[in-house]
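Worksheet for the structure shown next.
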Amino acid sequence: MTRLAWSERQQLCDDLERLGPDAPTLCEGWATRDLAAHLFVRDARPDLSIGVVLPLLGGRLKRERDKLAQGDYHTLVNRVRAGAPAWNPMSRPRVDELANLIEFFVHHEDVRRAQQSWAPRDLPDNEQRALWAALRRIARLMFRKSPAGVVLVAPGVGRHAAKLPDEHGTVVLRGAPAELVLFAYGRGDHAEVQFEGQADDVVALRESRLGLG
């Protein structure tokens with residue numbers, strides 16, 4: 000089994016090491032040290048991660064994450080590089096691939112595309128297709144709040160209706176699977192996608208994806 004999620008994790012950690020703790024990312028308010036702390040918490044501190052969905056515990060999550068971010072950066076990156084601990088189901092290759100491919104791909108691009116000089120990577124076909132399969136599984140969830148209908152088109156890969164229109168018409172969103180994933184996850188300003196539809200429908204779709212990074 001090709002471990003694409005593991006490869007994205009290792010490449011991300013390479014970039015985190017190369018750029019150092021204070022480089023910008025596309026995650027608003029986060030430098031590279033903060034992103035590394037987020038990933039470590041996701042791997043190894045489920046007791047803190049629950050703060051993402053329970054606002055009452057959000058303060059504790061932020062305090063502990065900030066504490067990790069201010070610690071030794073090299074050690075923190077190495078902890079992320081090592082992957083989830085053995086007790087975490089995400090340490091198993093198949094679970095890792097399902098749970099972490101998009102997570103680490105998107106955060107890898109959060110680091111890459113926040114730098115002054117960047118270009119889309121020429122990803123191998125198997126990774127593009129894996130990203131497309133993962134996006135199809137979650138597309139309805141990701142675009143559920145869009146007032147415009149959404150049809151995703153990855154030329155040479157596939158087509159998927161992600162959302163029926165509510166208040167607006169339908170927008171066709173066209174691009175490589177990797178770019179469509181980034182748009183779906185709120186990185187629209189840095190995703191190379193094309194829109195086909197009425198101007199107000201496109202605006203409605205773009206606005207529905209803001210603030211998700």
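Residue numbers (numbering that gives the first Met the number 0): 0 to 212.
Don't be surprised by glycine CBs; every beta carbon is placed ideally from N, CA and C.
Q: Alpha carbon to alpha carbon, how far is D199 from P123? Give it in angstroms, no decimals.
A: 35 Å
**Q.** Cα-Cα separation between E126 and E63, rounded to whole angstroms
**A.** 34 Å
Q. Where does G50 land, buried or exposed, given buried means 16+ other C-beta within 10 angstroms?
A. Residue placement at G50 is flagged as unreliable, the pLDDT there being 49, under the threshold of 50; the coordinate-derived value follows with that caveat. That one is buried.
Q: Identify, in the order they occur along the chain, each residue of the same chain with its Cβ nearer than 6 Å to the Cβ of R78, setting aside the five sequence neighbours on each side.
A: F39
Q | Where A30 sits in the DSSP three-state scheme | A | strand
**Q.** Opposing strand residues paired with L172 [DSSP bridges]
**A.** L151, F194
(Q) In the DSSP output, which residue or residues are listed as bridge partners for K162? (A) V149
Q | Within 8 Å, strictly: CB atoms of W117 and V156 | A | no
Q.
For L43 and S6, I'd like the C-alpha separation in whole angstroms.
A. The question names Leu, yet the displayed sequence has Ala at residue 43. Approximately 19 Å, taken between the alpha carbons.
**Q.** Nonlocal neighbours in the same chain, by C-beta distance under 6 Å from V94, ignoring five residues either side
**A.** P88
Q. Is P45 helix, strand or coil by DSSP?
A. helix
**Q.** Chain-order list of residues whose beta-carbon lies under 6 Å from that of V110 (same chain, five-residue window excluded)
**A.** D14, T24
**Q.** Exposure of D165, with buried meaning 16 or more beta-carbon neighbours within 10 Å
**A.** exposed
Q: Label G148 either buried or exposed according to how many other C-beta atoms from any shown protein chain fall within 10 Å of its C-beta, with 16 as the threshold for buried.
A: buried
Q: Mark W29 as exposed unless 16 or more other C-beta atoms lie within 10 angstroms of its C-beta, in which case mark it buried.
A: buried
Q: Could you check the C-alpha separation between K61 and L67 for me, to the nearest Å?
A: 10 Å
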